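K.L.:
Heads up: the protein sequence lines correspond to chains A and B, in order. Here UniProt numbering is used: the first residue of the first sequence is 1, the next is one more, and so on. Here UniProt numbering is used: the first residue of the second sequence is 1, the next is one more, and so on. All C-beta atoms in this analysis are idealised placements derived from N, C-alpha and C, irrespective of residue type, glycine included. Nothing here was measured: the structure is a model prediction, and the numbers come from that model.
2 protein chains.
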Amino acid sequence: MTTPTQHRLCMIPGPVEFDADVLNAMATPATSHVDPFFIEKFGSAIELLRKVFFAPTGQPFVVAGSGTLTWDATAANLVENGDNVLVINTGIFGDWFAECIGVYGGVVDAVRAPFGSRPSLAQIEAALTSKHYKLVTVTHVDTSSGVLNNIEDICVLVKRVSPNTLIALDGVCSVGAEVIKQEEWGIDVVMTGSQKALGVPPGLAVMVVSKRAVEVALNRKSPPTTYFASFKKWLPIMQKYEARQASYFATPPVQLILALQVSLEQLVAAQGSLEHRFAQHRAASAKVKDTLESWGLQLVPVNRACAANTLTAVYYPAGVAPAEFLGKVGLKGVVLAGGLHPEHATKYFRIGHMNVSVVNDSLLNHLETTLDAIKAALQECGHKI
Amino acid sequence: MTTPTQHRLCMIPGPVEFDADVLNAMATPATSHVDPFFIEKFGSAIELLRKVFFAPTGQPFVVAGSGTLTWDATAANLVENGDNVLVINTGIFGDWFAECIGVYGGVVDAVRAPFGSRPSLAQIEAALTSKHYKLVTVTHVDTSSGVLNNIEDICVLVKRVSPNTLIALDGVCSVGAEVIKQEEWGIDVVMTGSQKALGVPPGLAVMVVSKRAVEVALNRKSPPTTYFASFKKWLPIMQKYEARQASYFATPPVQLILALQVSLEQLVAAQGSLEHRFAQHRAASAKVKDTLESWGLQLVPVNRACAANTLTAVYYPAGVAPAEFLGKVGLKGVVLAGGLHPEHATKYFRIGHMNVSVVNDSLLNHLETTLDAIKAALQECGHKI
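1) Is the distance from the Cβ of VAL314(B) to the Cβ of SER32(A) below 8 angstroms?
2) ASP188(A): which of LEU135(A), LYS240(A), PRO202(A) sits nearest, CA to CA?
3) Rounded to whole angstroms, how far is the Cβ of ALA64(B) from the Cβ of SER66(A), which I believe are closer than 8 angstroms?
4) Figure out for me which residue from GLU324(A), ARG282(A), ALA318(A), PRO322(A) has the closest Cα to the Cα of THR312(A).
5) Pick from PRO223(A), GLY14(A), PRO114(A), VAL172(A): whose alpha carbon is nearest that of PHE53(A)?
6) Report yes if the C-beta distance between ALA308(B) and VAL147(B) is below 8 angstroms; otherwise report no.
7) If we call anything under 8 angstroms between Cβ atoms a contact, is SER145(A) one with GLY116(A)?
8) Any idea what DSSP makes of ARG350(A), helix, strand or coil?
9) Against chain A, does SER44(B) count as a neighbour if the rule is that its beta carbon must be under 8 angstroms from one of theirs?
10) In chain A, which residues lie less than 7 angstroms from TYR316(B) when you measure between Cβ atoms?
11) For a test of the three-state rule: what should DSSP assign to GLN255(A), helix, strand or coil?
12) Just the Cα atoms here: how many angstroms apart are TRP96(A) and GLU343(A)?
13) Under 7 angstroms Cβ to Cβ from SER247(A), same chain only, skipping five residues before and after it: list those, please.
14) What residues in its chain sit with their C-beta under 6 angstroms from that of PRO301(A), if we drop five residues either side in the sequence?
15) Report the three-state DSSP secondary structure of ASN84(B) (helix, strand or coil).
16) Work out the CA separation of THR226(A) and THR2(A) for me, nearest whole Å.
17) Helix, strand or coil, according to DSSP, for MET1(A) in the structure here?
18) Round the Cβ separation of GLY43(A) and VAL209(A) to the nearest angstrom and send it over; I've been treating them as touching at under 8 angstroms.
19) Classify PRO56(A): buried if its beta carbon has 16 or more other beta carbons within 10 angstroms, exposed otherwise.
20) Could you tell me whether any Cβ in chain B is nearer than 8 angstroms to the Cβ of ALA308(A)?
21) List the whole-angstrom C-beta distance separating GLN298(B) from VAL359(B), where the pair is believed to meet the contact cut-off of C-beta under 8 angstroms.
22) Between which two residues does the beta strand (DSSP E) holding VAL314(B) run?
23) Under 8 angstroms, do VAL262(B) and ASP21(B) count as touching if we go by C-beta distance?
24) For the beta strand (DSSP E) that contains PHE61(A), what are its first and last residues?
25) Would you tell me roughly how many angstroms separate the C-alpha atoms of GLY330(A) and LYS181(A), rounded to the nearest one?
26) Which residue marks the beginning of the alpha helix (DSSP H) containing ASP95(A), and which one marks its end?
27) Taking GLY333(A) as the reference, give the member of SER362(A), LEU363(A), ALA373(A), ALA321(A) with the closest Cα.
28) Checking contacts by CB at 8 angstroms: is ASP72(B) closer than that to chain A?
29) Do you know how far the Cα of SER285(A) is from the Cα of THR310(A)?
30) For the candidate residues GLU184(B), MET191(B), ILE167(B), whose alpha-carbon lies nearest to that of VAL175(B)?
31) Along the alpha helix (DSSP H) that carries LEU363(A), what are the first and last residues, could you check?
32) Taking LEU128(A) as the reference, give the member of ALA168(A), ASN89(A), VAL85(A) with the closest Cα.
33) At the level of alpha carbons, what is the spacing between ILE351(A) and ALA345(B)?
34) Is the distance from the Cβ of ARG244(A) to the Cβ of ILE39(A) below 8 angstroms?
35) In this structure, does DSSP put THR143(B) in helix, strand or coil?
36) So, does the CB of THR226(B) fall closer than 8 angstroms to a CB anywhere in chain A?
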């Protein structure tokens, strides 16, 4: 047995459900990493990433890894020993990114907010004016809390108060679904993994880096303490593939990159525009959240303005036991995720709504199926709806 | 178009041709990284790696990445600033591994040999007795030169002369095809990628680490300068999955790990034993090399004892132009690789013979097809056979 006998809908905040063409690309027969067919597709994927990230002059990097590896790449290439870094923290992914930055010598301060909310612009401004930060990092959607940060406002603030500070956006649970205008907003690094709103199986670290940040990385005082995640190593590789030429540093994950290219084409083509796709994610999110609230459930984010459109984190109603509830939903053919934040993990669960489950919902009916399963499971657990 | 219209046999030294069941696993529908189905398969893959590496008490690590990432992991976790490291160099992968070790603070000496040969045991012994090395690294098969190192002899030597020195084996182009008895020979780290003799698409960094080396990593004086490749971060994750429990550090590449599990089961089951598989690779290699020599071609390795069984690196005969020859072979439906060593790249080409192309050769006829294409292309290029 190589696959489960019955597929259950994977409605967690990544990996998400995949389009059939994306899965077909995953099963592409053996192809050399310097085969003209692959070179063309890899080059195309690099070009398409610029469109998806709204970064016409940015430098995409696509490497075997996960979203976490993009933290290492950002920290290792942009932070030197003793550099000040400000982390805008909205959950455990902020905690972990801060730890990663520390590994590469960064001296980290954090602005925080209670679980379910986000730091205010005033808090961030106070931090930014207290000392000079080389880098500020912000998690767009913290997958542990479902909290959405106001990236455009934060970028405006940083540009006004500390224009030399580099801005790095952890877009792991947002790129392709939440609005990001990398170049217009002046973001230096946008990071993501393949398995969220990009709709590709896990295994790729994906990022787009501004010209300014590439310069910073190439003109460091000390060499970065990474080999595999070195911008300097990968830069010529990405440039060569984009120019449709063979190149080699480490063997690229051919099948995953072919799958990425298929998905990126869908993203830019889908019903005319990425803007439409963003709107679809907002509508799907509102539908899920409205429905859950109508059943008397309380969202983890303290208000809708700071609630992600890619997932819904919601508290169990009183009397509903986590394992029993998630088990019952699973028996109805839908997989949800429990809580992830260590202090609150047993109090809430999470529903992912990204990519095909959103944009092809009229065809696939994933959202309705998921909500039906949740409703029935809640009722079986004794919650009155 | 998501796949090339006509598949050409991928007979390069990785990626290799893949078994249909392995490719099917690559297209497994969306599956949570904490789904019981995936947990079972990941746990099984970890157990199977111990068998394939002949390391009953070793600690396997499987992480999204490539073989190159295993260099970072080895260097970052085992080498501290100023530690002496000896690199046994048989090609450019030795050069690059040395560079990687330097990134993590290692002070590297190398023993070298002319292109196509390997350092003698006397050379290695002289180096090992000149100073104390914390780590010695050796490339089992240097994919750039096709040179095979005598790992068992080197291990016996290191154990005799410098028993406290850790031994790290780059097995990227050997694990699963060349004989490696990790624990019996006392190798502390064996590294590989997924796309060579393990027969899985590229995208996985795979390694098995001895108890002794895990202890060294966990008891470092200074923390490792890597977050994503930290043994300390991944150790509990691997232990949990092996105990069939959910765990999370970074999202594992679900589909690639499912494909790995399928391939590892084939490796341990195939016709009774891994020993048989190793013998099949020796026989296939001899067949390819004998045939090429019978046509008047000269191998890159200076003798058969130092020639890899996973690939054949062979000089173009006089008068045969590289691009013309490789193009003609390609038109006959077979993809070969050019040379990789910068000083000699235009003088030789490489044929990979691993995994299904070897063990299922009687069914698939990959070797004969490849040799036929080479013969015809050589003749068309004016070489008399």
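P.N.:
Taking the coordinates as given:
1) Cβ atoms of VAL314(B) and SER32(A): not closer than 8 angstroms.
2) LEU135(A)
3) 5 angstroms
4) ARG282(A)
5) VAL172(A)
6) Against a cut-off of 8 angstroms, the Cβ pair of VAL147(B) and ALA308(B) comes out as a contact.
7) yes
8) strand
9) no
10) Going along chain A, no residue has its Cβ under 7 angstroms from TYR316(B), so there is no contact; the nearest lies around 18 angstroms.
11) helix
12) 15 angstroms
13) PRO236, ILE237, LYS240, TYR241
14) GLY116, GLY146, VAL147, ALA307
15) strand
16) No answer about THR2(A) holds up, because its pLDDT of 44 lies below 50 and its placement is not dependable.
17) Summary for MET1(A): the model assigns pLDDT 38, below 50, so the residue's position carries little reliability; its value from the coordinates is reported in the next sentence. Three-state result, MET1(A): coil.
18) The beta carbons of GLY43(A) and VAL209(A) sit about 18 angstroms from each other, so the pair does not count as a contact at 8 angstroms.
19) exposed
20) no
21) In fact, because the Cβ distance is near 28 angstroms, the residues do not count as touching under 8 angstroms.
22) 311-315
23) Pairing VAL262(B) with ASP21(B) gives a Cβ-Cβ distance under 8 angstroms.
24) 59-64
25) GLY330(A) and LYS181(A): Cα-Cα distance of roughly 37 angstroms.
26) Under the DSSP assignment, ASP95(A) falls in the alpha helix (DSSP H) whose first and last residues are 92-103.
27) ALA373(A)
28) yes
29) 7 angstroms
30) MET191(B)
31) 361-364
32) VAL85(A)
33) 52 angstroms
34) yes
35) The answer is coil: DSSP assigns THR143(B) none of H, G, I, E or B.
36) Residue contact with chain A for THR226(B): present (Cβ-Cβ distance below 8 angstroms to some residue of chain A).
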